[in-house]
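Colleague:
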Amino acid sequence: MITLQEIIHKLDQFWQSNGCTVVCPYTTELGAATLHPATVFGGLRGIETRISYVQPVIRPTDGRTGCTSNRLYRHTQYQVLIAPPPENVKQLYFDSLRYLGMNTKKHDIRLINDNWEHPSIGAYGVGWEVWYDGMEITQLTYMQQLGTMQCKLVPFEIAYGLERLAMCLQDIDDVYHIQYDSFGTTYGEIYGMYEKHFGEVAFNVYSREYLLEQISLFQQQITHLLGEKHYMVAYDFALKQSHCLNFLESRGYISNAEKAEFIFLIRNNIVDCLKLYKEFLTRGNNG
């Protein structure tokens, strides 16, 4: 049985053999692996880019305090970004599944049209969800726009859901029973208490006043940093704002209209960061 660690190792091997540089996970809480600066900034460079990485993803509204078998506060994605993509890029994806030991002919694997957008970063693209026997395991996207700007070289993004992929490959239906490594360690032994405590805090502890104050303080820093042209650090603070917004939502503190206003604020901050980055690229700098 392939373990979760082996899945990650084999994906690294596969994508390295196809020209990808494996980069480190980002350290600020992200709601999607797409938000890693290597993807957001890399997708706008307009030059050949091939990267892959593992990224922990934090989604407070998905937390269930460890009480459900398939919903997590924190899950893990494996991200691949290729620009420009080769004509056989979808075939490469299916080759990667076979490299993991998946029999793609014996199972019901479907591509479901799913045009993608991420309002907080002014991004959209066209692509597909990949479903394996009725469960989504991957998102495939041709990214057409980032930061409201058209991508000069349209990147192709592959975002594997590692826990779901492991459940399929190990033929289990409880995420906490995933075999994590060759020593018999389970996913639940490593992350069970994490899910319990962080899930409880996401739904029951943070106050509205605290979260709003954090967003305001981060905004002050973003304004100052953008004035000093430190767009990469300003982007990091915008990600922190987004994380606080996710808590406001998980606590039920904001209406849909208020959520839209915060998304608009964060989007403007991120667009400003990316526009500064594009200015540096235009001047022939590397950022």
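Under the numbering used here, the first residue of the sequence shown is numbered 397, with each subsequent residue one higher.
Even for Gly, the Cβ is constructed at its ideal location relative to N, Cα and C.
1. Given Ile478, which residues of its chain have a CB within under 6 Å of its CB, disregarding the five upstream and five downstream residues?
2. Just the C-alpha distance for Val526 and Asn509, rounded to the nearest angstrom, thanks.
3. Count Cβ pairs between the stretch 409-419 and the stretch 484-501 that sit closer than 8 Å; are there 3 or more?
4. I need the boundaries of the alpha helix (DSSP H) containing Pro433, first residue and last residue.
5. At a cut of 8 Å, does the stretch 618-629 reach the stretch 567-587 through at least three beta carbon pairs?
6. Going by DSSP, what residues sit across from Leu507 in a beta bridge?
7. Evaluate the contact criterion for the stretch 527-539 versus the stretch 494-511: three or more CB pairs, one atom per stretch, below 8 Å.
8. Check each candidate in Phe633, Tyr649, Ser448, Arg647 and name the one with the smallest Cα separation from His405.
9. Can you give me the start and stop residues for the alpha helix (DSSP H) that Leu542 sits inside?
10. Would Gly648 be called buried (16 or more neighbouring beta carbons within 10 Å of its own) or exposed?
11. State the beta-bridge partners of Glu553 as determined by DSSP.
12. Would you kindly report the start and end of the unbroken alpha helix (DSSP H) that includes Thr582?
13. Taking 8 Å as the cut-off, decide whether the C-beta atoms of Cys547 and Leu440 are in contact.
14. Can you tell me where the beta strand (DSSP E) with Ile666 in it begins and where it stops?
15. From Ile659 to Arg470, what does the alpha carbon distance come to, in whole angstroms?
16. Does DSSP put Glu425 in a helix, a strand or coil?
17. In terms of residue numbering, what span does the beta strand (DSSP E) encompassing Val453 cover?
18. Using the beta-carbon count (16 or more within 10 Å), is Val571 buried or exposed?
19. Using a Cβ-Cβ cut-off of 6 Å (strictly less than) and excluding sequence neighbours within five positions of Ile454, which residues of its own chain qualify?
20. Rank Gln541, Ala429, Leu558 by C-alpha distance to the C-alpha of Asn511 and give the top, closest one.
21. Quick one: what's got a C-beta closer than 6 Å to Ile574's C-beta in the same chain, skipping five residues either side?
22. When DSSP builds the beta bridges, which residues end up paired with Val418?
23. Consult DSSP for Thr457 and reduce its assignment to one of helix, strand or coil.
24. Pull the bridge partners of Arg470 from the DSSP assignment, please.
25. According to DSSP, simplified to helix, strand and coil, what is Met545?
26. Give the DSSP-derived three-state secondary structure of Glu609 in the structure shown.
27. Please state whether DSSP places Gly521 in a helix, a strand or coil.
28. For Glu513, which of helix, strand or coil comes out of DSSP?
Modeller: From the atom records:
1. Here residue 478 refers to the residue found at position 82 when the sequence shown is read from its first residue. Only Arg446, Phe552 meet the Cβ criterion.
2. For the purposes of this step, residue 526 is taken as residue 130 along the sequence shown, with counting starting at 1. For the purposes of this step, residue 509 is taken as residue 113 along the sequence shown, with counting starting at 1. Distance between the alpha carbons of Val526 and Asn509: 9 Å.
3. The stretch 409-419 is in contact with the stretch 484-501.
4. Working through the sequence shown from its first residue, we reach residue 433 at position 37. Run containing Pro433: 433-436, per the alpha helix (DSSP H) assignment.
5. No, the stretch 618-629 does not touch the stretch 567-587.
6. Within the sequence shown, residue 507 is the residue found at index 111, counting from 1. Its beta-bridge partners are Val526.
7. In the pairwise beta carbon analysis, the stretch 527-539 is classified as touching the stretch 494-511: at least three pairs are separated by under 8 Å.
8. Position 9 of the sequence shown, counting from 1, holds the residue named residue 405. Closest by alpha carbon: Ser448.
9. The residue labelled residue 542 in the question sits at position 146 within the sequence shown. Note, Leu542: premise wrong, no alpha helix (DSSP H); beta strand (DSSP E) at 531-542.
10. The residue you call residue 648 lines up with position 252 of the sequence shown. By the neighbour-count rule (16 or more Cβ atoms within 10 Å), Gly648 is not buried but exposed.
11. What you label residue 553 is simply residue 157 of the sequence shown in a count that begins at 1. DSSP, once it has assigned bridges, lists Leu477, Thr537 as partnering Glu553.
12. The residue given as residue 582 occupies position 186 in the sequence shown. Per DSSP, Thr582 belongs to no alpha helix (DSSP H) and is neither H nor E.
13. By one-based count along the sequence shown, residue 547 stands at place 151. By one-based count along the sequence shown, residue 440 stands at place 44. In this structure, Leu440 lies closer than 8 Å to Cys547 by Cβ.
14. Residue 666 sits at position 270 when you count from the first residue of the sequence shown. Counting along the chain, Ile666 sits inside no beta strand (DSSP E); it lies in the alpha helix (DSSP H) bounded by residues 652-678.
15. Residue mapping note: residue 659 aligns to position 263 of the sequence shown, counting from 1. Residue mapping note: residue 470 aligns to position 74 of the sequence shown, counting from 1. If you take the alpha carbons of Ile659 and Arg470, they lie about 21 Å apart.
16. The sequence position of residue 425 within the sequence shown is 29, counting from 1. Here DSSP, grouped into helix, strand and coil, assigns Glu425 to coil.
17. By 1-based counting over the sequence shown, the position of residue 453 is 57. First-last of the beta strand (DSSP E) with Val453: 445-454.
18. Sequence index remark: in the sequence shown, residue 571 carries index 175 (1-based). Around the beta carbon of Val571, 16 or more other beta carbons sit within 10 angstroms, so the residue counts as buried.
19. Taking the first residue of the sequence shown as 1, we reach residue 454 at position 58. Taken in chain order, the residues that qualify are Glu425, Arg470.
20. Numbered from its first residue, the sequence shown carries residue 511 at position 115. Measuring from the Cα of Asn511, the nearest candidate turns out to be Gln541.
21. On the sequence shown, position 178 is the one that residue 574 refers to. Answer for Ile574: Leu400, Ala562, Tyr583, listed in chain order.
22. Numbered from its first residue, the sequence shown carries residue 418 at position 22. As a beta-bridge residue in DSSP terms, Val418 pairs with Ser448.
23. Residue mapping note: residue 457 aligns to position 61 of the sequence shown, counting from 1. Look at Thr457 here: in three-state DSSP terms it is helix.
24. Here residue 470 refers to the residue found at position 74 of the sequence shown. In the DSSP assignment, Arg470 is bridged to Ile454.
25. Taking the first residue of the sequence shown as position 1, residue 545 is located at position 149. Strand at Met545.
26. Indexing the sequence shown from 1 puts residue 609 at position 213. DSSP places Glu609 in helix when its eight states are reduced to three.
27. Position 125 of the sequence shown, counting from 1, holds the residue named residue 521. Secondary structure of Gly521 (DSSP, three-state): strand.
28. Counting from one through the sequence shown, the residue named residue 513 turns up at place 117. Taken through DSSP and simplified to helix, strand or coil, Glu513 comes out as strand.
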